[in-house]
Structure formats: C-alpha cells, structure tokens
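Chemist: Chains as they are written, first to last, in my numbering: chain A, 1418 to 1672; chain B, 1418 to 1672. Ideal placement from N, C-alpha and C gives every residue a C-beta, glycine not left out. As the structure is a computational prediction, the values presented were derived from the model and not from experiment.
Number of protein chains: 2
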Amino acid sequence: MPTIIETPTETPAPTRARAPRRDAAENRAALVEAAISVLNRDIDGSLETIAAEAGLTRRAVYGHFATRDDLVREVLTQGAARIGASILTIEHADARIEIALYGATLWLQVQHASVTAEFAVRGPHMRLVAEALEPARAKLRATVRRGVHDGVLRRDIAPDRLARLIEGVALDVLAEATHEGLDDRAGHTLVMVAALSVAGLGWREADDLVAGTPELAYRVVSASGTASVNDDGGTDAGRADAGAAHDTTTGEPTR
Amino acid sequence: MPTIIETPTETPAPTRARAPRRDAAENRAALVEAAISVLNRDIDGSLETIAAEAGLTRRAVYGHFATRDDLVREVLTQGAARIGASILTIEHADARIEIALYGATLWLQVQHASVTAEFAVRGPHMRLVAEALEPARAKLRATVRRGVHDGVLRRDIAPDRLARLIEGVALDVLAEATHEGLDDRAGHTLVMVAALSVAGLGWREADDLVAGTPELAYRVVSASGTASVNDDGGTDAGRADAGAAHDTTTGEPTR
DNA sequence: CCGATTGTGCACACTCGTGTGCAACTTAGT
DNA sequence: ACTAAGTTGCACACGAGTGTGCACAATCGG
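#1: Is the distance from the Cβ of B:LEU1607 to the Cβ of B:ARG1513 below 8 Å?
#2: Please say whether B:VAL1561 and B:LEU1579 have beta carbons closer to each other than 8 Å?
#3: Would you identify the three-state DSSP class for A:VAL1637, choosing helix, strand or coil?
#4: Ignore the nearest five residues each way along the sequence and tell me which others in A:ARG1499's own chain have a CB closer than 8 Å to its CB.
#5: Take the Cβ of B:ALA1497 as the centre, count every other Cβ of all protein chains shown within 10 Å, and call the residue buried at 16 or more, exposed below.
#6: Please return the same chain residues whose Cβ sits closer than 7 Å to the Cβ of B:GLY1617, not counting the five positions on each side in sequence.
#7: Output, in sequence order along the chain, the residues in the segment 1484–1495 of chain A whose CB is closer than 7 Å to any CB in chain B.
#8: Please confirm if A:GLY1585 has its CB atom under 8 Å from at least one CB of chain B.
#9: Looking at chain B, which residues of the segment 1566–1577 of chain A have a Cβ within less than 9 Å of any of its Cβ atoms?
#10: Excluding sequence positions up to five away, which residues of its chain have a Cβ less than 7 Å from the Cβ of B:GLU1593?
#11: To which residues of the same chain is B:ALA1549 closer than 8 Å at the C-beta, ignoring the five residues directly before and after it?
#12: Look at the alpha carbon of B:ALA1510 and the alpha carbon of B:GLY1564, and state the distance between them as a whole number of angstroms.
#13: Could you check which residue in B:MET1543, B:ASP1459, B:ALA1587 and B:ARG1558 has the C-alpha nearest to that of A:PHE1536?
#14: Terminal residues of the continuous alpha helix (DSSP H) containing B:GLY1568?
#15: As an exercise, report each continuous alpha helix (DSSP H) stretch of at least 4 residues that is fully enclosed by the segment 1530–1616 of chain B, in chain order.
#16: Taking Cβ-Cβ distances below 9 Å as the criterion, which residues of the segment 1607–1632 of chain A are in contact with chain B?
#17: Starting from the Cα of B:ILE1504, find the closest Cα among B:GLU1551, B:MET1543, B:LEU1456 and B:ALA1441 and give me that residue.
#18: Count the other CB atoms, across all protein chains shown, that sit within 10 Å of the CB of B:HIS1605; report buried if there are 16 or more and exposed otherwise.
#19: Do A:LEU1613 and A:ILE1507 have their C-beta atoms within less than 8 Å of each other?
#20: What span of residues does the alpha helix (DSSP H) with A:ALA1517 cover, start to end?
#21: I'd like the list of long-range same chain contacts for B:PRO1576, defined as Cβ closer than 8 Å, with 5 residues on each side in sequence excluded.
#22: If distances are taken between C-alpha atoms only, which option among B:ASP1624, B:SER1454, B:ILE1453 and B:ALA1447 comes closest to B:ALA1477?
#23: Between A:VAL1610, A:THR1474, A:GLU1632 and A:ALA1547, which lies nearest to A:ALA1623 when the distance is taken from Cα to Cα?
#24: Report all residues from its chain with a CB closer than 8 Å to the CB of B:ARG1539; omit the five preceding and five following residues, and keep chain order.
#25: Check whether chain B comes within 8 Å of A:ASP1589, counting only Cβ atoms and requiring the distance to be less than that.
#26: What does the alpha-carbon distance come out to for the pair B:VAL1532 and B:THR1630?
#27: Please specify which runs of the alpha helix (DSSP H), each continuous and at least 4 residues long, are wholly inside the segment 1455–1501 of chain A, giving them in chain order.
#28: So, with DSSP's three-state summary, where would you put B:LEU1618?
#29: So that I know if they touch, is there some Cβ in chain A lying closer than 8 Å to that of B:GLU1470?
#30: Go ahead and label B:VAL1590 buried or exposed: buried means 16 or more other beta carbons lie within 10 angstroms of its beta carbon, across all protein chains shown.
#31: Give me the Cα-Cα distance between B:ALA1471 and B:GLY1462, rounded to the nearest whole angstrom.
#32: By how many angstroms is the C-alpha of B:ARG1602 removed from the C-alpha of B:ALA1452?
#33: How about B:ALA1587 and B:LEU1523: are their beta carbons less than 8 Å apart?
#34: Are A:THR1466 and A:VAL1449 closer than 8 Å when you measure CB to CB?
So, in structure tokens, the structure goes:
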C-alpha cells in the first residue's frame, strides 16, 4: 500500500473497512439514496459527499452517471414520478377528505418530497420538476375548486392560490419533521390537519373530520409496500363530548 | 481604453454610463440593498452579480466589506434586527389579533424577511440569524401559549410547534408574493388570514376578525415611514349577512 | 483648484468542485 | 479459474468564485 494521502477534508474519510461490495445496480441505488439524503441537508452538496455517503469514491460515481446533473435529474424525476403517481390515485367524494389524503400521501414521501420541492423553486431544474409535478398539482387545484364549489372549503382565497398555500403548509410540516423530529404517526395527522386548516376548517372541524374518517387512519407501511390499518387506540380514549382535552397530533403535552 | 475584456458571463455587464457616483456611504447602502435583492433570487449569488446590481465593480465591494461573508452578515443582522424590533412592539389583549399583527408586520418586511428566513435554515449563518431572531420567536411562542390558555386558539398542536407552523405559513405567503405577485393590500390581508387559519380559526372567523378589527386595517406606508389608515371601501360593499359571496384577500374572481 | 476618497481595470494566487484518463486491484458470474 | 464488470487512486485540465495588489481615473469636500 503506497502513500495513502489522508484527505483532511470535512469527511473524515474512513477509508478502512470498505463496504463488502454487493452487486452493481445496488450501488447505483445507493447513490441515488445518498443523493436524496445529502441534498436534503444541503441542496448543493458535492459529489464527494454523496459518493462517500454511498460508500463509494467520487470517481466511481462516473461509472453510473455521466454527470452530477444526471444524478440529480435521476433523483428528481424519480421523486417527482413517485409523488405524482401516488397523488393521482387519491379520490374521494368529499374534497376535504381528498385534501387530507393529499397531505397524508405526501407524508409517506418525506425525503423525496422535500428535495423535489426544494428543486422545484431553485435553479435550472425548476422546469423539469414543475413539469413532472404538474399533474399532481393540477389535481390538487381541481380538488380545491370542487371543494369551494361544494361549499366545504374557504371562499375568501382564490382556489389556485389556496392550492399553492396548501402545498406550502404541507411542506412546512415535512420540514418540521426533518428539523424538529416528528414521529410517523404524529406527522401523518399533522400534515392533514394543517392542510385542512389552511383550507378553511376550524381546528375542531379538522380534528373531527380526521378522527371520524376511517380512510384517514394511520397505516403502518411494511418495507415491501403493503399497508395495514393500525388502530391501537392512541392517547385519546374517551373523546366524544367536545369538552376539555382534545389533544391529538401533539406529542408534547399542552402543559 | 485598452482591451476591454468583455465578460461573456450571465451579466451582460453594461459597463457604459456608470452611475454618476453619489457619496460613499450611499454606495455601501446600495450594496446591501443589491445583496438583499440578489440573494432573494439566488441564495448564493456571486459578488460580481451583487456589485453589478449596485452599479459597482466587484473590486469596489472590498472597499466596503472585507469579505463576501461580511456583506452577507451585514444583510442578515440588519434584517434580523429590523424584523425583531418591529415584532417586539406588537401588543394586544387578544392573542388572535396579536398573531394577525405578527403576520402584517412581517409583510412590511417581505424582502428582508425572505432572505433572513432563508439563511435561518441554511449554512453556517443559521446560528447568527436564529439568535438574532430568537426574541421575536419567543414572543410569538408566548402569544400562542397565551391564546391557547385563553381558549381562543387551537389546542390540538403543541404551542411551540404551532408557533413554528405559523411562522411557516407566513413565510409561505411572502414566497407566494415573490413568485406569483401579490399586491400590497392583498398580501397584508392574506398573511393575517393564513396565520389565523393555521392558528385554528375557521375561515369565516378569521375573515370576520380581520375585517372587524380596526388595528388590522391596511395602512399605506409612505417612503419616510409614516403610516396612515387607508379605508377606501374595498370591493366588499354589502357584507353583513353570512350569505353568498364573501370574497376578500383574493384578487382573482372565484369564477 | 487641490488633495484625499472612492471606484476602475487588470493581473495573479488560491480554493473547490467537476469531468477524464489510466493502471492496478477486487469481486461476481459462469 | 478466468473474464469482465466495477472500483480505487492518482494526475491533470478546467471553470467559477473569492481575495489582493497596483496604477490610474473620477469625484467630493473644502
């Protein structure tokens, strides 16, 4: 082993014990994963960082992607596709519930959603993402319009603007989850409630709607992708009379 | 004039007709202004760009700031200070109104607020901004707690988390203003209403509160800083019975 | 009108990140 | 066991930004 030049960069570069190396494609996937993770923290993290997080060398990246941009594009299209696809399946007669579902669905994609959304506003990829996301956004806009028309959503903000604001809070909740920590169950509920609030519902309405709609129940997603309803009581045992404690979504006690 | 190397960069560099040069300090101010403007568009815009927007050369910047970082720091501290100061003056017995005022106040600082907020989440300046903004945030948290205690705000989200979400939507509205265009009056109302919605109020409650509270009326701010109430009717002439049309905040007609 | 400020033009050194070329080594697949 | 794909280490060319030095022009403040 010749002169191992110890890179005194930020990355302590644990050159030792290199990953046992699985198959090719797995590494590619790992790269995309790493990219998502890194870009979530720093929107323009270096290839070096990404490669490291994937357990590879910067040089090796070029064995999978011709350009850093290609990698990013992969992350983006992949993300936008996933998000778009899952959102387009949402459907419900009640626009409010559909909006809640929109939030819940987004919640399942926290990582992807955050990066994707970030890129949707910055740099030369705006278009790419915007286009890929357009169908999903269009659907949300339509849902909002329908809700307004049916009289179940607020009428004081133009539907399209409202749709954007809903998307906004949803992402705010995702951010909250990233920065402050928010367990799966709480996040699931919070996105929905927040979205509904912006949509015009009062907090009790929102809570009741979420609590009283089986479709909005929290589901545990198994690794493979199967989902199952998870109704293990929760903290709110006896809530029926709109009385004192009304807690949900929280985590930290009100006092 | 020797070989003028025409920089084929993004900036077309209109070297001609250089600004008639006012006094020294004015340029420094111009630089900060330019920085705010540029950074608002691209969080890591180059000194070249900033200098150009200020009508100066990159080289000249170093006559005012030793480092790019110094300039940024100036922008940040200046912004955080302004925002913090203005927010700390807010006061009202009704927590809901105080929250609305919080939004309205933020609205007056769109430019500053956006950049500052952006930096509050990215890079090594997080601390700087976070610290400078802490008092303001603490106040908002306190207000939210009070509101919850008084029973006028939602009880289903932990106060501190709720405070962060309120800050979030407020900034979302500022972003909406930047990207989609939003005139002063509409923005003023929208921030307040959005904040109140997240705080738990139903949309009619929020609208009524905003419309029925003189302190929340839109004020035209003259260049110097003096503010005056501006109550030129508006579009909603006959609104008293909670009947059909209820428009405010909008701009675009509901159909 | 003179002198100190302030800004301009260019040149240069340095850093960081990207993209390539190559030789040597490791591992999966058959 | 042999081969081909996949990786690793360098080395090098480049581009974009930052930070500095210096001579020279523009301008304000008296």
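Modeler: Reading off the structure:
#1: no
#2: yes
#3: strand
#4: GLN1526 and HIS1529
#5: buried
#6: LEU1570 and ARG1571
#7: none
#8: yes
#9: HIS1566, LEU1570, ARG1571, ARG1572, ASP1573, ILE1574, ALA1575, PRO1576 and ASP1577
#10: LEU1599
#11: LEU1493, THR1494, ALA1497, ALA1498 and GLY1501
#12: 10 Å
#13: B:ASP1459
#14: B:GLY1568 -> no alpha helix (DSSP H), and no H or E assigned at all.
#15: 1543–1567, 1576–1597 and 1601–1616
#16: LEU1607, VAL1610, ALA1611, SER1614, VAL1615, ALA1616, GLY1617, LEU1618, GLY1619, TRP1620, ARG1621, GLU1622, ALA1623 and ASP1624
#17: B:GLU1551
#18: buried
#19: no
#20: 1512–1524
#21: ARG1558, VAL1561, ARG1562 and VAL1565
#22: B:ALA1447
#23: A:VAL1610
#24: ILE1460
#25: yes
#26: 30 Å
#27: 1464–1470 and 1475–1478
#28: coil
#29: no
#30: buried
#31: 13 Å
#32: 26 Å
#33: yes
#34: no
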